[in-house]
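Encoded as structure tokens, the structure appears first; notes follow it.
Residue numbers (our numbering): 69 to 916.
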């Protein structure tokens, strides 16, 4: 349908854009030509092209002016010129959502749809369905059914595709056309069969059994359309992701032997993307992709190597058999194919082949796009983890790439890779930092410059010669704009906070920054200068190295409240909630609206995910969210009644604790109609006699009044009766009383807390056989944040130190240093520090 437009564009202006300087008002003025008699088809088609161009360029047509132009255009149906008629169909579709009363052309379109001119019938169907709403669809239902089974393929396809669009607004009506769609699915025309199967699938996609029957029916007798095969493969893959099904996998595997290359590739791609696919199941797909690697068609070679590249990320051993074919593609004339071949080899090849491959990549890096350069960087990042001894070679290559021209995403990928190498390997830290220092001398991306400055402030002071980085950092203060200057000031302060011999020099530099033009830079310099001049480790740790972890909106609210209610008591930062998510802020407001919870103080923590206390298929669905305050816990029960002939009233969850928790009150859900979620609460006081007994199991019983109701109207018809429903037990663990916090410098935080309440004990983890398992279990059990990547256990090590940081309810920092020794079992020495004794006792009691 767009061919006349393209021809018209090419015939005017010798290839330039003839519509570049169109004005809407002038074009709408020209549209008056539509009312002239006789109609000039060529001139009118040209004006319609201008209107379509304006709409597609984002020009806004008002409802009135669009409607006037539309009504004028309807006169053009008097002409039988085929080009003009098809331009009318296009314009109707584009203006259907702008102009009013577009249904005025329904009769004209219906006439074309049922007429003898085959070239008009298909486009007329598409235009008619575009302007037809759900209320009018039944009027043309008979015509649509006829069009779906029409012998002319273009008409049948138009009706099927239009039906697919109509499903969104008129599912029940279109569902009645299934018999016609099934007849069309047997068509010899490849596009009609494809479109018919697409419609059938979307009608049945919410019924797994019906979809499986459809796949079985059409694949058993074979399909004529390769497009239909591809769609059936995708449907079968989707079904397999949700449940195992051998016949479905067998069908996909059988498509690897199809005569159409697109079907073979679709099947191979589906197999390698199936979750949990074994090496044996991958083998036939990889073999097919290996054959495609030597295809004379560049598109097939590209598709094969791109898919093998993805496979190599998860199953490098499965791709090893293709290495010879991939090496042949390294010299491919298509640089995209060559890049993918090399990056795949980097993931699957041996350590000895890395130098040769890196040399080959270097020869054409400048010729490929940033998108493929990022693929190369990702492959190098994976290599760094696989072959630590090759860090020097890979780092030099990355630095060479960093100095070349490139966009933000490309440079960010390189910086990310270098930073990950630095964090994983201490021996490469100084080399990596030096490379990054040189990069920020000419870095044009603010985000990358500030990130590198942050890294320098974090890692630089711990190196053998920290003073060598100061020149690079201070250059940013002199040469860059305000955001980078502010980042540089923060980095300088971190050097001064950790290196006493450098402190005098850092103070001099910060004094210069106090005179900066920018407020943020001046404020940071003034703040850090005052803190550093105190020469106190605790202040340095709390305000420079680790900083505040409170919620900024929460701090603002707490300060505002403090100013509204003057008090002789100083403002307590511990009363401010920790940094929280928007969901946590929403929960705080939700709980504050319940009168029974006034006076509990600030919300300390909410469990990140609700705990299910019933199976999802039961008559009542109950999920619990735990909210922890300083001295209390609130259990929020979100309840759903799935019985349509019952309404529940005064719903509560009665709780019986195994430890010294005390249930204070229940806040009921007043009414729980069918399928309308409701919430009830239980408030408990934390143990006072034995405050270390925080771990507890609650038995839960839902109690309520049942009233039978009419399923259709929801009206209750009796007084009701008392009933109860047993729920799963609910556990409270030590992790519910601790919130994770990140300490960028654990040693500084350790010194800041001090050893007044330090305690240490040794435990044997008899059921745990590896350090990795021990680390994972400890982090999950305590609910604390692993610091300085201490949750990463080095290979082939039998000792490890895990550093954990958190805040205990009430705002008390709690730090844990856990030394692990692996012999026959894991022995763990736990040292805990806090500003109060209770958190330390709770940690040691819970671990014991």
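From the three backbone atoms N, C-alpha and C, an ideal C-beta is built for every residue, glycine too.
Nearest Cα to residue 155 within the set 219, 111, 795: 111. One Cα belongs to residue 735, the other to residue 748, and the distance between them is close to 6 angstroms. Relative to the Cα of residue 905, the nearest Cα in the group 886, 856, 823, 847 belongs to 823.
In this structure residue 846 is in contact with residue 870, their Cβ atoms being roughly 6 angstroms apart against a cut-off of 8 angstroms. Setting aside the 5 residues that flank it on each side, residue 380 is surrounded in the same chain by 387, 412, 415, 416, each with a C-beta closer than 7 angstroms to its C-beta; the list follows chain order. If you check the CB distance, residue 445 and residue 466 come in under 9 angstroms. For residue 775, DSSP records a beta bridge to 715.
For residue 88, the secondary structure class from DSSP, reduced to helix, strand or coil, is coil.
By the Cβ criterion, the region 606-621 is in contact with the region 810-817, since at least three pairs of Cβ atoms, one from each stretch, lie closer than 8 angstroms. Per DSSP, the continuous alpha helix (DSSP H) segment holding residue 214 begins and ends at 209-216.
As DSSP reads the structure, residue 890 sits in a beta bridge with 894. A Cβ-Cβ contact shorter than 9 angstroms links residue 360 with residue 329. The closest CA to that of residue 743, considering only 257, 716, 579, 726, is found on 716. Around the beta-carbon of residue 544, 16 or more other beta-carbon atoms lie within 10 Å, marking it buried. From the listed residues 813, 893, 898, 126, the smallest Cα separation to residue 857 is found for 813. Rounded to whole angstroms, residue 525 and residue 875 show a C-alpha spacing of 25 angstroms. Three or more beta-carbon pairs drawn from the region 479-495 and the region 507-525 are found closer than 8 angstroms, and the two stretches are therefore classed as touching. If you ignore the 5 residues before and after residue 296, its C-beta comes within less than 6 angstroms of the C-beta of 261, 262, 265, all in its own chain and listed in chain order. For residue 368, the closest alpha carbon among the candidates 404, 384, 389 is that of 404. Taking residue 791 as the centre and dropping the five residues before and after it, the same chain places the C-beta of 772, 774 closer than 7 angstroms to its C-beta, in chain order.
Shortest Cα-Cα distance from residue 214 to any of 249, 203, 462 involves 249. The C-beta distance from residue 356 to residue 336 rounds to 5 angstroms, short enough to meet the 8 angstroms contact threshold. For the alpha helix (DSSP H) assignment, the region 690-751 encloses no uninterrupted run of at least 4 residues. If you check the CB distance, residue 873 and residue 810 come in under 9 angstroms.
DSSP, reduced to helix, strand and coil, places residue 763 outside both helices and strands of the structure shown, so it counts as coil. Inter-segment contact for the region 122-131 and the region 140-151 is absent: fewer than three beta-carbon pairs are separated by less than 8 angstroms. Membership of residue 875 in any alpha helix (DSSP H) is not indicated; the residue belongs instead to the beta strand (DSSP E) covering 867-876.
Within a 10 Å sphere around the beta-carbon of residue 399 sit fewer than 16 other beta-carbons, which makes this residue exposed. Counting the other CB atoms within 10 Å of its CB gives residue 665 a total of 16 or more, which places it among the buried residues. Scanning its chain for C-beta atoms nearer than 8 angstroms, with the 5 sequence neighbours on each side dropped, one finds around residue 503 the residues 463, 466, 467, 470, 486, in chain order.
Going by C-alpha positions, residue 232 is about 55 angstroms away from residue 668.
Following the DSSP letters along the chain, one finds residue 806 inside the beta strand (DSSP E) bounded by residues 806-808.
Three or more Cβ pairs closer than 8 angstroms define a contact, and the region 124-134 meets that threshold against the region 165-173. In this structure, the straight-line span from the alpha carbon of residue 183 to that of residue 228 is close to 19 angstroms. No beta strand (DSSP E) of 3 residues or more sits fully in the region 293-351.
Residues of the same chain with their beta carbon placed closer than 7 angstroms to that of residue 756 are lacking, with the five preceding and five following residues left out of the count.
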